[in-house]
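Enquirer: In this note's numbering, the protein residues as written are 477 to 617.
Sending over a structure as structure tokens; questions will come in a sec.
This is how it looks when you write it as structure tokens:
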């Protein structure tokens with residue numbers, strides 16, 4: 477099994493929602509290689525939230541896509557395009573006028589840290605262990 481497939485959306489879901497109570501996954505190989513290259517996982521949480529992680533090495537021109545929605549609004553990121561809709565926008569789709577400055581890559585932050593306390597929680601060893609637990613849940617039948 478190739479446990480790397482899907483790691484990026486899985487850690488985003490874990491950062492946002494915590495550890496799921498269960499994970500349901502489907503992994504396929506559509507390129508004929510010996511590893512799966514197409515995956516979707518459904519993460520179910522105690523509070524009723526559901527996260528969907530979809531990833532693959534099949535689509536070459538597929539932009540980064542992230543969507544989050546709830547009773548307070550919806551945010552969609554597609555490539556570099558960001559839009560949101562919420563009661564404050566009278567439920568009309570808007571694009572933010574400014575976005576936060578781009579942060580350094582996690583490996584750069586980690587390498588430049590003088591002490592473990594300098595490393596943000598979402599890229600710490602604990603975060604790596606949490607991601608591994610979720611990925612193991614995805615692969616268990």
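Idealized CB from N, CA, C, for every residue including glycine.
Quick caveat: nothing in here was measured; it's all calculated off a predicted structure.
Classify residue 487: buried if its beta carbon has 16 or more other beta carbons within 10 angstroms, exposed otherwise.
Expert: Classification of residue 487: buried, given that the 10 Å Cβ count is 16 or more.
Enquirer: Would you call residue 477 buried or exposed, if buried means 16 or more other Cβ atoms sit within 10 Å of its Cβ?
Expert: Unreliable positioning characterises residue 477 in this predicted model, as indicated by a pLDDT of 46, which lies under 50. A coordinate reading is not provided.
Enquirer: When the Cα atoms are used, what is the spatial distance from residue 606 to residue 582?
Expert: The alpha-carbon atoms of residue 606 and residue 582 are separated by roughly 16 Å.
Enquirer: Among 580, 589, 530, 564, which residue has its Cα nearest to the Cα of residue 504?
Expert: For the residues 580, 589, 530, 564, the minimum Cα distance to residue 504 belongs to 530.
Enquirer: Thinking C-alpha only, which one of 551, 533, 569 is nearest residue 483?
Expert: Residue 483 has its Cα closest to that of 533, out of 551, 533, 569.
Enquirer: Within the continuous alpha helix (DSSP H) that includes residue 583, where are the two ends?
Expert: Counting along the chain, the alpha helix (DSSP H) containing residue 583 begins and ends at 582 to 588.
Enquirer: Evaluate residue 580 with the Cβ neighbour count: other Cβ atoms within 10 Å of its Cβ, from every protein chain shown; 16 or more gives buried, anything less gives exposed.
Expert: By the 10 Å Cβ count, residue 580 comes out exposed.
Enquirer: Roughly how far, in whole angstroms, is the beta-carbon of residue 559 from the beta-carbon of residue 548, given that I think they are within contact range, below 8 Å?
Expert: Contact flag wrong, Cβ pair sits at about 16 Å.
Enquirer: From the DSSP secondary-structure annotation, give me the bridge partner or partners of residue 544.
Expert: DSSP, once it has assigned bridges, lists 551 as partnering residue 544.
Enquirer: Between which two residues does the beta strand (DSSP E) harbouring residue 560 extend?
Expert: Its beta strand (DSSP E) spans residues 557 to 561.
Enquirer: By how many angstroms is the C-alpha of residue 541 removed from the C-alpha of residue 554?
Expert: So the alpha carbons of these two residues sit roughly 4 Å apart.
Enquirer: What residue from 567, 515, 590, 556 has the CA that sits closest to residue 575's CA?
Expert: Out of 567, 515, 590, 556, 556 has the C-alpha closest to the C-alpha of residue 575.
Enquirer: Considering only residues of the region 513 to 542, which uninterrupted beta strand (DSSP E) runs meet the minimum length of 3 residues and lie entirely inside it, listed in chain order?
Expert: Runs of the beta strand (DSSP E) inside the region 513 to 542: 514 to 520, 526 to 532.
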